[in-house]
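Single-structure report; data block below.
There are 6 protein chains.
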Amino acid sequence: MMRLPVQASAEGLDVAFVGVPLDTGTSNRPGARFGPRQIRAESAMVRRYNGSTGAAPFDSLRVADIGDVNVNLYNLPESCRLIRESYQEIVASGCVPLTLGGDHTITYPILQALAAKHGPVGLVHVDAHTDTGDSALGEKIYHGSPFRRCVEEGLLDCGRVVQIGIRGSSYDPDPHQYCREQGFRVVPAEECWMKSLEPLMREVRAQMGDKPMYISFDIDGLDPAYAPGTGTPEIAGLTPAQALEIIRGCKGLNIVGCDLVEVAPMYDVSGNTALLGANLLFEMLCVLPGVKTL
Amino acid sequence: MMRLPVQASAEGLDVAFVGVPLDTGTSNRPGARFGPRQIRAESAMVRRYNGSTGAAPFDSLRVADIGDVNVNLYNLPESCRLIRESYQEIVASGCVPLTLGGDHTITYPILQALAAKHGPVGLVHVDAHTDTGDSALGEKIYHGSPFRRCVEEGLLDCGRVVQIGIRGSSYDPDPHQYCREQGFRVVPAEECWMKSLEPLMREVRAQMGDKPMYISFDIDGLDPAYAPGTGTPEIAGLTPAQALEIIRGCKGLNIVGCDLVEVAPMYDVSGNTALLGANLLFEMLCVLPGVKTL
Amino acid sequence: MMRLPVQASAEGLDVAFVGVPLDTGTSNRPGARFGPRQIRAESAMVRRYNGSTGAAPFDSLRVADIGDVNVNLYNLPESCRLIRESYQEIVASGCVPLTLGGDHTITYPILQALAAKHGPVGLVHVDAHTDTGDSALGEKIYHGSPFRRCVEEGLLDCGRVVQIGIRGSSYDPDPHQYCREQGFRVVPAEECWMKSLEPLMREVRAQMGDKPMYISFDIDGLDPAYAPGTGTPEIAGLTPAQALEIIRGCKGLNIVGCDLVEVAPMYDVSGNTALLGANLLFEMLCVLPGVKTL
Amino acid sequence: MMRLPVQASAEGLDVAFVGVPLDTGTSNRPGARFGPRQIRAESAMVRRYNGSTGAAPFDSLRVADIGDVNVNLYNLPESCRLIRESYQEIVASGCVPLTLGGDHTITYPILQALAAKHGPVGLVHVDAHTDTGDSALGEKIYHGSPFRRCVEEGLLDCGRVVQIGIRGSSYDPDPHQYCREQGFRVVPAEECWMKSLEPLMREVRAQMGDKPMYISFDIDGLDPAYAPGTGTPEIAGLTPAQALEIIRGCKGLNIVGCDLVEVAPMYDVSGNTALLGANLLFEMLCVLPGVKTL
Amino acid sequence: MMRLPVQASAEGLDVAFVGVPLDTGTSNRPGARFGPRQIRAESAMVRRYNGSTGAAPFDSLRVADIGDVNVNLYNLPESCRLIRESYQEIVASGCVPLTLGGDHTITYPILQALAAKHGPVGLVHVDAHTDTGDSALGEKIYHGSPFRRCVEEGLLDCGRVVQIGIRGSSYDPDPHQYCREQGFRVVPAEECWMKSLEPLMREVRAQMGDKPMYISFDIDGLDPAYAPGTGTPEIAGLTPAQALEIIRGCKGLNIVGCDLVEVAPMYDVSGNTALLGANLLFEMLCVLPGVKTL
Amino acid sequence: MMRLPVQASAEGLDVAFVGVPLDTGTSNRPGARFGPRQIRAESAMVRRYNGSTGAAPFDSLRVADIGDVNVNLYNLPESCRLIRESYQEIVASGCVPLTLGGDHTITYPILQALAAKHGPVGLVHVDAHTDTGDSALGEKIYHGSPFRRCVEEGLLDCGRVVQIGIRGSSYDPDPHQYCREQGFRVVPAEECWMKSLEPLMREVRAQMGDKPMYISFDIDGLDPAYAPGTGTPEIAGLTPAQALEIIRGCKGLNIVGCDLVEVAPMYDVSGNTALLGANLLFEMLCVLPGVKTL
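Chains as they are written, first to last, in my numbering: chain A, 1 to 294; chain B, 1001 to 1294; chain C, 2001 to 2294; chain D, 3001 to 3294; chain E, 4001 to 4294; chain F, 5001 to 5294.
Structure representation (structure tokens):
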């Protein structure tokens, strides 16, 4: 990742890039298992400094790529267990994980590990979907349900959860009811169209305060024109400029982890979805606590 | 289409999805004959409710997919005859056709059938091109001329015609002269750039009144970044958000039919142009008279 | 190009389209050597008149395509010499060259030829990158350094240089320092997001005055969603609408040459990057001195 | 499928095409869940008669497409149970299933259903891999193990099992040991190169006799040049001509079912892998007991 | 084409490359209208001499590319008239046309022009299909019927017609009956598999004698692995080596014209189908009467 | 590569995989600079043992991937110097390099380093082209000339050079004259068509004897159907089966190095050209001196 040194564990690191090559929680088009590989390949084009914000993450923090965690492609609950245990180890020594997904299922075991250390976390969640489904085909664990599982287990500080970019047709006449009932703030894509999101992010920063929070970024929050390489694209989404406004708007928050999920590179022969993923991960790195600006 | 039941005729239906797999009216890149097939495939991702507007079309209306009408790929005038006759049958029983094109030639025989029933109709026409050419290579019928043919046959209520998204280089120094002379309102893409189209649609609704009107949506009205899978792309077009504003802005109008044309899927390996087409057809369905909102 | 006559030299022409099929100055993904071929192919869709501005370039000026200049793919400095000499011949008789690149290296020898005739020129430079690097791998000539070479040789009137769309991560903590020191105006992409660039262009016109100026348009100035077919894409770039605002905003200036570079068509199977390039070249043609508006 | 009537169950049919859209047993590149959809789409080009063999299947047998069986994408053992039960129902009335996969995992529950009716079956298995792995990541059920599971449950008549096209690197120094120990005949790809397989098929027919047998055709048995759209391609495989020799060589055998698996269409933008799959399924249909030759 | 001079007419030429950008006779996937453009682009890789046979066509004959003939995309019979008249002019002065198709419909008017000059011609026809259909959708003219039209008009010397590579499913139980009745020799693909075609071509040369003959090569005669860019691919076809054996095997015959049809480049992003087409046209050129061997 | 350990130098290794990401010696389509990256990615599918030959390379030799050597993309002669020096270091300690190209230019400096250690080497060269050009555009160093440079510097034992798969049109009426004059054996593709190459390889083994020899495999030796991802494809080439026969036929020879060049992955979206490259490199590894067979 980003021509960083590769090391086997998170020991001694402030920040670790971690791949989670799992996609068997995907309801529609699989392929996100190759997200980590392709994001790493495209990240070769990401350079050392953030020319726009002046952030100098590699001068500020010890960062490395610790490779992929083990998953079991044939058994989703078992994969979740493996991920949770790996992340418990990563965060044990105070390292902040930046995750290359993988489908969105993986955020559930990651937040299990993070909440075990930090208590319930705030959440900035960019996505086309709320991912708060109850179950599908009778199964509780898949990429449409991670945040309901998190709520049920008390991993989220529900008054500090914001979901941005939500849109699309739904199975349910009132698709945001569950979220509202938990106290989530849902910002539909319609409220974002053709607008700067800086005002929104001012409110979000106030809401998050200085308590631990997490950024979960599903690449399908963006419009498919920018990110065709994903499994459940929805039309009329966010732009990359808005994505940068959201992430840069998190500067100053107490970020304890981030993920970028649902890059399925075979649906984008140009490689640009993975390039976008690599840049968004770099921008997340640039807003982590302790990153100096030149 | 949208996992709907398939039936052989429009009998007993309020609304019918109809495919018209014709593309021999295409001047540049053919392939729209596969539009219906690919839009149907991608429509598997469209769900039951409109999460954004609350529309519940399947709870409100009897809707089915009645398959493709017959066309004659080797004889354009004959194809037009076949389409006109099929649509006369569809509309005879009061069914509203939602058409999956096919190139834009097909709107001419469709409007022949609709005007025979409803009289001259108003038109919301989204497109990069006005499609009011006189003839090409000496032929009167092709995808650049349908609306001139409609004017000549009195199928349009010319004072209630709006063309949105028009742009691009032209064969003629004053390319909108014919349209202006008929009383059409031409809204060039330049007037739409980086703007919400809600104010425009308020004016359009006032102009349309409660008389019968038709929506004809050429996917090349959108920018090629969103809809690369089409035959005559033009740069600097509309966005999907604006497309939704236009269609949702037709809510309350007396819509007697809609089409979505010029999806040529082989130019978009991601499948997203067809996905866009499927969603726009769903949104058209959601604004039809009689659709309840939850 | 644009179904124009092909001729062997620029003699007797007001404007010549010229291809420069060189891409060995490329740092990341090569392929721009096929830019001229593909732009020409897609330009078949560009018609005679500018429907938006009313410009009638072919009624106003003698325009032809004079084919590709010779380059030496295995020797960059030698290629620069060949290009410079070809352009000296082209501009000798007063012809304005519109160049189909090729990677950005080629602007250096082109400006050598132009400045030899016109003296130091003003520059409207659209790009994701400033291209003012000093050297790479010890080499002074590659596609990241042309404008530093131009400054060193006094080819630019530095107080009339504007760079628009700059963004992305950088090797240097202060990536625009060199540009600022020369007196360039750098307009980062962030200042362009979701905004009309007409106000900017009013300022640019005032700055350029009536002295000779050049337009250098790197297609990666646009967002990769619109222009995936390029070698060093950067996320969150300009839109085609903004590109048109920039070029149309140059109307009235004393333009002595233009280029459109870095189209690498194999990364865009839809052909739309080259289509965009062809249209932008047409728009450049439409703003040249002497073009009448109908 | 092949423009056949669609019906909900196998009742009254001699032969049913059945889709099994499962790919979560895939070890490398997923996507075979879309095999049934794409094979059906490409089968539109398959016509009524076999011009080469004279077979007239639709004049001889009652054939229909009964759609897809239900699978549970998030739970492989549960999917196997669902498939087995569906196939028990299909074969109950004497119908022969022709399956559109899906990854190779599915052959295991299909053979459970068939062996329950017919007893242990013979097998012509075309593949790059023997698919007799014991387990992967501790899981017994995935696309590399179906035939070991079948052996363990006595579903195969091991003296009548032939595996053709086997090749590639292996985890094990003696990769065919297990197969040999069961009495399988393994025909490596090397023995097939540049040879007609008609002599082999004469021996196979003798070996199969007139007892029930099954054809399981993994598209990766073919060389990736012919079938790039698959998940675990191996170089230097069979040709389509050899595939036809194998299937046509089964004419006269007591075939009780067939499958064509591992078509992952997103890796083949030309559509030709699915076209190949559709044709191979047609050829299987043409050699079923009871098909007349004109 | 092959970096040849372009000229407006066939005057003074021994051989002319001619493009016929028509594809509205296509039954399945259109796109062959772009065959000429793409074959010309790929022919840039074809060099001056035939390294394998020693043929030196450009040292022996006056050859040029005379561009595309006019066609009417919206009217097939009218297109046929335009093509016939253009070819009458080309052959009037003794020039041999080498045609870049376009769909197979075009061979009908080409043979009208050739037979008017030379009388009924012999034919080496490489194809997956016999193209002797009577009509489709009631139309007599489309890409499945040219050779029946030719028979009806006495353009073919039926005792000297050979069709090679025929295969695939058919609408008719005896698909070759018509051909046999006319006295055509049909060589199914099955008779070609894994065999050198040199023995066949010895027989063909004897059959053709020294009377005028024509080569019509449908790229779908080849297997889709080699030529995916075509409209009606059929599995298990010829190889490029066999194609070269066929064409080289025509050396010494009285060839009065050749065509290479049905290259639809958008189905082959690698460009290799067009490259194959360009090379086969070069090989046809190399076996024309009067070409010297070094 | 092949999930091997990565190490910084060749010290302590019997065999090293080395990448050379250079493609600026390419005459037609560039992109081979990404060959090493893509071959490594696809090599994840290569397993530990050679199931066909029983070779167990990783049980026999110390093998690692030592990454890419440095190249200078903007200066070909300088790149050659860098490569030569890197390989001198690699072979100094007795390590055998297996190279992932890169265009064919790189074989020249590699053989400089090898001949400095071993004296003039024998050569098995698989390619569509002899690569013995004198110069292009006045330059001596590019991908069409490496073996002439090697002859001039006495790096090859010319009586032990075999070139297999040569074909295609040529600039020269007698394209193999130079090779014949040096005593090379040229085996044109025509002599390989539809034949096992085992007899040829028996002769090659006799010719090579037990003196040092090198294998240089240009992926364009194979037919473009198998290897579309390359820069100068030529039709009617070898098959992967023949490639395996050639490499396996080198077992027992005194191989001192091997390369696999000209994989340009962007021309093959399926990834299969790189997969082929990875497997051919594995097969080369399997025939190195000292590899045991189980």
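By construction, the Cβ of each residue, glycine as well, lies at the ideal position given by its N, Cα and C atoms. Bear in mind the structure is a predicted one, so any value in this text is a computation, not a measurement.
- Task: Using a Cβ-Cβ cut-off of 8 Å, state whether residue 4047/E counts as contacting chain C.
- Result: Indexing the fifth sequence from 1 puts residue 4047/E at position 47. Answer no: the Cβ-Cβ gap between residue 4047/E and chain C never drops below 8 Å.
- Message: Since residue 37/A and residue 5041/F should fall inside the 8 Å C-beta cutoff, what is the C-beta to C-beta distance between them, to a whole number of angstroms?
- Response: Counting from one through the first sequence, the residue named residue 37/A turns up at place 37. Counting from one through the sixth sequence, the residue named residue 5041/F turns up at place 41. At roughly 6 Å, the Cβ-Cβ gap stays under 8 Å, so residue 37/A and residue 5041/F are in contact.
- Query: Are the region 4262 to 4279 of chain E and the region 5001 to 5014 of chain F touching by the rule of at least three beta carbon pairs closer than 8 Å?
  - Reply: Not touching, per the Cβ criterion.
- Task: Quickly, what does DSSP pair residue 4196/E with across the bridge? List them, please.
- Result: Counted from its first residue, the fifth sequence places residue 4196/E at position 196. For residue 4196/E, which the question treats as bridged, DSSP gives no partner whatsoever.
- Cα-Cα separation between residue 2134/C and residue 1167/B, rounded to whole angstroms: As a position in the third sequence, residue 2134/C is number 134, starting the count at 1. As a position in the second sequence, residue 1167/B is number 167, starting the count at 1. Their backbone Cα atoms lie some 42 Å apart in a straight line.
- Query: Applying a beta-carbon distance threshold of less than 7 Å, which residues of chain E neighbour residue 5132/F?
  - Reply: Mapped onto the sixth sequence, residue 5132/F falls at position 132. Chain E residues near residue 5132/F: none, gap ~13 Å exceeds 7 Å.
- Own chain partners of residue 3019/D with C-beta closer than 6 Å, once the 5 adjacent residues on each side are dropped: If you number the fourth sequence from 1, residue 3019/D lands on position 19. Only residues of its own chain outside the window of five on either side were considered, and among them 3036, 3068 and 3100 have a CB closer than 6 Å to the CB of residue 3019/D, listed in chain order.
- Within 8 Å (strictly less), CB to CB, does residue 71/A reach chain F? Your numbering for residue 71/A matches position 71 in the first sequence. Contacts with chain F at 8 Å (Cβ-Cβ) do not include residue 71/A.
- Message: Using only the alpha-carbon positions, how far apart do residue 5206/F and residue 5156/F sit?
- Response: Looking up residue 5206/F in the sixth sequence gives position 206. Looking up residue 5156/F in the sixth sequence gives position 156. Distance between the alpha carbons of residue 5206/F and residue 5156/F is about 17 Å.
- Query: To the nearest angstrom, how far is it from the Cα of residue 3282/D to the Cα of residue 183/A?
  - Reply: Within the fourth sequence, the letter at position 282 stands for residue 3282/D. Within the first sequence, the letter at position 183 stands for residue 183/A. Taking the straight line from one Cα to the other gives about 56 Å.
- Task: Measure the C-alpha to C-alpha separation of residue 1028/B and residue 5198/F and round it to an integer number of angstroms.
- Result: The count along the second sequence starts at 1 and reaches residue 1028/B at position 28. The count along the sixth sequence starts at 1 and reaches residue 5198/F at position 198. Going by the C-alpha atoms only, they are around 51 Å apart.
- Query: Should residue 1153/B go down as buried or exposed, given a rule of 16 or more other Cβ atoms within 10 Å for buried?
  - Reply: Locating residue 1153/B in the second sequence gives position 153, where the first residue counts as 1. Classification of residue 1153/B: exposed, given that the 10 Å Cβ count is below 16.
- Message: I need the DSSP call for residue 3057/D, collapsed to helix, strand or coil.
- Response: Along the fourth sequence, one-based indexing puts residue 3057/D at 57. If DSSP states are grouped into helix, strand and coil, residue 3057/D belongs with the helices.
- Could you give the C-beta distance for residue 2219/C and residue 2225/C, rounded to a whole number, given that I count them as a contact under 8 Å? As a working mapping, residue 2219/C is identified with position 219 in the third sequence. As a working mapping, residue 2225/C is identified with position 225 in the third sequence. So it is not a contact: roughly 13 Å between Cβ atoms.
- Item | residue 4983/F, buried or exposed, once every other Cβ within 10 Å from all chains shown has been counted against 16 | Because chain F in this structure spans residues 5001 to 5294, residue 4983/F falls outside the shown range and cannot be described.
- Item | Cβ shell of residue 2030/C (< 6 Å), same chain only, five flanking positions each side left out | For this step, residue 2030/C is matched to residue 30 along the third sequence. Sequence-distant Cβ neighbours of residue 2030/C in its own chain, meaning closer than 6 Å and more than five residues away, are 2023.
- Query: Cβ of residue 4165/E within 8 Å of Cβ of residue 4126/E?
  - Reply: Position 165 of the fifth sequence, counting from 1, holds the residue named residue 4165/E. Position 126 of the fifth sequence, counting from 1, holds the residue named residue 4126/E. For residue 4165/E and residue 4126/E, yes; Cβs fall inside 8 Å.
- Closer than 8 Å, CB to CB, is residue 3115/D near chain B or not? Here residue 3115/D refers to the residue found at position 115 when the fourth sequence is read from its first residue. Chain B, which has no Cβ nearer than 8 Å to the Cβ of residue 3115/D, makes this no.
- Message: Between 34/A, 49/A, 15/A and 21/A, which has its C-alpha nearest residue 294/A's C-alpha?
- Response: Working through the first sequence from its first residue, we reach residue 294/A at position 294. When each option's Cα is compared against that of residue 294/A, the closest is 49/A.
- Please classify residue 5098/F: does DSSP put it in a helix, a strand, or coil? Walking along the sixth sequence from the start, residue 5098/F turns up at place 98. Collapsing the DSSP output to three states places residue 5098/F in a strand.
- Provide the residue span of the alpha helix (DSSP H) that contains residue 248/A, from first to last. Residue 248/A sits at position 248 when you count from the first residue of the first sequence. Counted as a single uninterrupted DSSP element, the alpha helix (DSSP H) harbouring residue 248/A occupies residues 240 to 248.
- Query: Which two residues bound the contiguous beta strand (DSSP E) that contains residue 3125/D?
  - Reply: The count along the fourth sequence starts at 1 and reaches residue 3125/D at position 125. Start and end: 3121 to 3126.
- Length of the line joining the Cα atoms of residue 3289/D and residue 3013/D: Numbered from its first residue, the fourth sequence carries residue 3289/D at position 289. Numbered from its first residue, the fourth sequence carries residue 3013/D at position 13. So the two alpha carbons sit approximately 14 Å from each other.
- Message: 8 Å is my cut-off, CB to CB: does residue 1232/B come that close to chain C?
- Response: Position 232 of the second sequence, counting from 1, holds the residue named residue 1232/B. Yes, contact with chain C.
- Query: Which whole-angstrom value is the C-beta distance of residue 3098/D and residue 3253/D, which I expect to be below 8 Å?
  - Reply: Translated into the one-based positions of the fourth sequence, residue 3098/D becomes position 98. Translated into the one-based positions of the fourth sequence, residue 3253/D becomes position 253. Between residue 3253/D and residue 3098/D the Cβ distance is about 15 Å, and since that is not below 8 Å, they are no contact.
- residue 31/A touches chain D at which residues, Cβ-Cβ below 9 Å? The count along the first sequence starts at 1 and reaches residue 31/A at position 31. Among the residues of chain D, those whose CB is under 9 Å from the CB of residue 31/A are 3029, 3030, 3031 and 3266, following chain order.
- Spatial distance of residue 137/A from residue 145/A (CA atoms): Residue 137/A sits at position 137 when you count from the first residue of the first sequence. Residue 145/A sits at position 145 when you count from the first residue of the first sequence. In this model, residue 137/A and residue 145/A are separated by some 12 Å (Cα to Cα).
- Message: Counting only beta-carbon separations shorter than 8 Å, does residue 4041/E have a partner in chain C?
- Response: If you number the fifth sequence from 1, residue 4041/E lands on position 41. Taking CB atoms only, residue 4041/E has a neighbour in chain C less than 8 Å away.
- Below 6 Å CB to CB, which residues in the same chain sit around residue 110/A once its five sequence neighbours on both sides are set aside? As a working mapping, residue 110/A is identified with position 110 in the first sequence. Taken in chain order, the residues that qualify are 87.
- Query: Going by C-alpha distance, which of 4082/E, 4273/E, 4021/E and 4094/E is nearest residue 4062/E?
  - Reply: As a working mapping, residue 4062/E is identified with position 62 in the fifth sequence. Residue 4094/E is the option with its Cα nearest to residue 4062/E.
- CB-CB under 7 Å to residue 1118/B, same chain, minus the five flanking residues each way: which ones, in chain order? Position 118 of the second sequence, counting from 1, holds the residue named residue 1118/B. Within the same chain, and ignoring the five residues on either side of residue 1118/B in sequence, the residues whose Cβ sits closer than 7 Å to its Cβ are 1212 and 1256.
- Message: If I follow the unbroken beta strand (DSSP E) through residue 2086/C, where does it start and stop?
- Response: On the third sequence, position 86 is the one that residue 2086/C refers to. Premise fails: residue 2086/C lies in the alpha helix (DSSP H), 2076 to 2092, not in any beta strand (DSSP E).
- Item | residue 2139/C and residue 5075/F closer than 8 Å at C-beta | Counting from one through the third sequence, the residue named residue 2139/C turns up at place 139. Counting from one through the sixth sequence, the residue named residue 5075/F turns up at place 75. By the CB criterion at 8 Å, residue 2139/C and residue 5075/F fall inside the cutoff.
- Query: If you compare alpha carbons, which of 3246/D, 3128/D and 3172/D is closest to residue 3236/D?
  - Reply: Counting from 1 along the fourth sequence, the entry for residue 3236/D is found at position 236. Ranking the options by Cα distance to residue 3236/D, first place goes to 3128/D.
- Query: Cα separation between residue 103/A and residue 259/A?
  - Reply: For the purposes of this step, residue 103/A is identified with residue 103 of the first sequence, where counting begins at 1. For the purposes of this step, residue 259/A is identified with residue 259 of the first sequence, where counting begins at 1. Going by the C-alpha atoms only, they are around 10 Å apart.
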